[in-house]
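*Asks:* One structure, pasted below without further comment.
2 protein chains.
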Amino acid sequence: MPNDSSEFVQALREAGLKVTQQRVALLATLMESTDHPNAEEIFVRVRALDDSVSLATVYRTLSTLEEAGLVQRLTFENEPARFEITPASQHDHLVDVDSGEVIELPSEELNRIRQDLADRLGYEIVSLHSFIRARKKPAVS
Amino acid sequence: MPNDSSEFVQALREAGLKVTQQRVALLATLMESTDHPNAEEIFVRVRALDDSVSLATVYRTLSTLEEAGLVQRLTFENEPARFEITPASQHDHLVDVDSGEVIELPSEELNRIRQDLADRLGYEIVSLHSFIRARKKPAVS
DNA sequence: TTTTTTGCAAACCTTTTGCAAGCTG
DNA sequence: CAGCTTGCAAAAGGTTTGCAAAAAA
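Sequence order for the protein chains is A and B.
Heads up: the first sequence begins at 1 in this note's numbering, then just goes up one per residue.
Heads up: the second sequence begins at 142 in this note's numbering, then just goes up one per residue.
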């Protein structure tokens, strides 16, 4: 396994996962992606770095990395799952129903309230999945 | 089409939809369900009322009713979509990752904050999909 | 060398769809 | 009666899996 210097190699080691070319390529791809690509899109992008990667491996690796907490799966309606590198702080997503664009919402306040609700019910939060489907309002003159 | 007295018949009329035995049966089923069943489960329950209903119709009807705003689709991870009669007030869902149980969270405050965030970005909310995956904490003595 | 990971292709599962027949308004 | 709705069976689309070969530790 190449290039121990990479931050991804380290992340994989810390997660107790074997360091493979494919996993590193996938993490690198996801790190460069500012949008929220789905498996198919990730597949295309990963192949630019390593054209040996198969779609099956993309799916398998995404699940593995999700389980390890390195990647976050976003489950929206009527579309394949999207993915992102686990963000420093949890946030909600606003999905533009017309363009499909995803905007990340700052939500410390939302997080605090949710944390509180869960606490009160005796639950600890495992993960959060929040998206608001919304439509751009005509600009106010 | 039977029994005009039913509240469901009226709801369908108001939505501008044709009143069919299948739609009424599906609405009745969903109204009786306190859990959040998926299409397959709804299919089984509807057949208790009207054994002519097909699974295809369950899916088609759910989509139709969703579009009409009478039904809400809940998209969780790694499982088929679940449905509920459109609730009086929007709420978040807490999903017990061990049991699969879904708990509805009171969230006027969350709603207000989200409304605010969307407003500020110039968006109007179309629908909300929020679920928190959580695990029961051991009871504190 | 042992064990895990991968590629390929086939399978899976949920959801959608074409079509002819049956209802609704 | 015109047009929407349904049942059936087949198809679609995203995701998973069995297996033998390849790579990691």
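Even glycine gets a Cβ: it sits at the ideal position worked out from N, Cα and C.
1. The ligand MN and ALA197 of chain B: does the residue's C-beta get closer than 7 Å to at least one heavy atom of that ligand?
2. For SER6 of chain A, which residues of its own chain have a beta-carbon under 7 Å away from its beta-carbon, when the five flanking residues on both sides are left out?
3. Cβ of GLU265 of chain B less than 8 Å from any chain A Cβ?
4. Quickly, what does DSSP pair PHE131 of chain A with across the bridge? List them, please.
5. Give me the Cα-Cα distance between LYS18 of chain A and LEU62 of chain A, rounded to the nearest whole angstrom.
6. Taking a contact to mean a Cβ-Cβ separation below 8 Å, would you say ARG114 of chain A touches LEU128 of chain A in this structure?
7. For VAL148 of chain A, which residues from the same chain have a beta carbon less than 6 Å from its beta carbon, with the 5 sequence-adjacent residues on both sides left out?
8. So what does DSSP say about GLU14 of chain A, is it helix, strand or coil?
9. Among the residues of its own chain, which have a CB less than 7 Å from the CB of THR170 of chain B, if the five just before and after it don't count?
10. To the nearest whole angstrom, what separates the beta carbons of LEU117 of chain A and LEU246 of chain B, a pair I think is in contact under 8 Å?
11. Can you tell me whether THR34 of chain A is buried or exposed, with buried defined as 16 or more other CB within 10 angstroms of its CB?
12. Say whether chain B places a C-beta atom closer than 8 Å to the C-beta of LYS18 of chain A.
13. Counting only the same chain and skipping the five closest in sequence on each side, list residues whose C-beta sits under 7 Å from that of THR57 of chain A.
14. Looking at chain A, is there any beta carbon in it that lies within less than 8 Å of the beta carbon of LEU251 of chain B?
15. Tell me the DSSP secondary structure of ASN219 of chain B in three-state form.
16. In chain order, what residues of the segment 208 to 222 of chain B put their CB closer than 9 Å to some CB of chain A?
17. When the Cα atoms are used, what is the spatial distance from ASP92 of chain A to VAL194 of chain B?
18. So, with DSSP's three-state summary, where would you put LEU70 of chain A?
19. So, is the C-beta of SER130 of chain A closer than 8 Å to a C-beta in chain B?
20. Using a Cβ-Cβ cutoff of 8 Å, what residues of the segment 30 to 59 of chain A are near chain B? List them in chain order.
21. For the beta strand (DSSP E) holding GLU104 of chain A, just list the boundary residues, first then last.
22. Whole angstroms is fine: what's the gap from LEU168 of chain B's alpha carbon to GLU242 of chain B's?
23. To the nearest angstrom, report how far apart VAL14 of chain A and GLU67 of chain A are at their CA atoms.
24. Can you list the residues of chain A that ALA156 of chain B reaches, using a CB-CB cut of under 7 Å?
*Replies:* So, from the listed chains and residues:
1. With respect to the ligand MN, the structure shown offers nothing to examine, as it has no ligands at all.
2. VAL24
3. yes
4. A:HIS93, B:HIS270
5. 14 Å
6. yes
7. Outside the modelled stretch of chain A, which goes from 1 to 141, sits residue 148 of chain A, for which no answer is possible.
8. helix
9. ILE183, ARG186, VAL187, LEU190
10. 5 Å
11. exposed
12. no
13. GLN22
14. yes
15. coil
16. ARG214, THR216, PHE217, GLU218, ASN219, ALA222
17. 38 Å
18. coil
19. yes
20. none
21. 102 to 105
22. 22 Å
23. Looking at the sequence itself, residue 14 of chain A is Glu, so the reference to Val does not match. So the alpha carbons of these two residues sit roughly 13 Å apart.
24. What ALA156 of chain B touches in chain A: nothing, since even the nearest Cβ is about 20 Å away.
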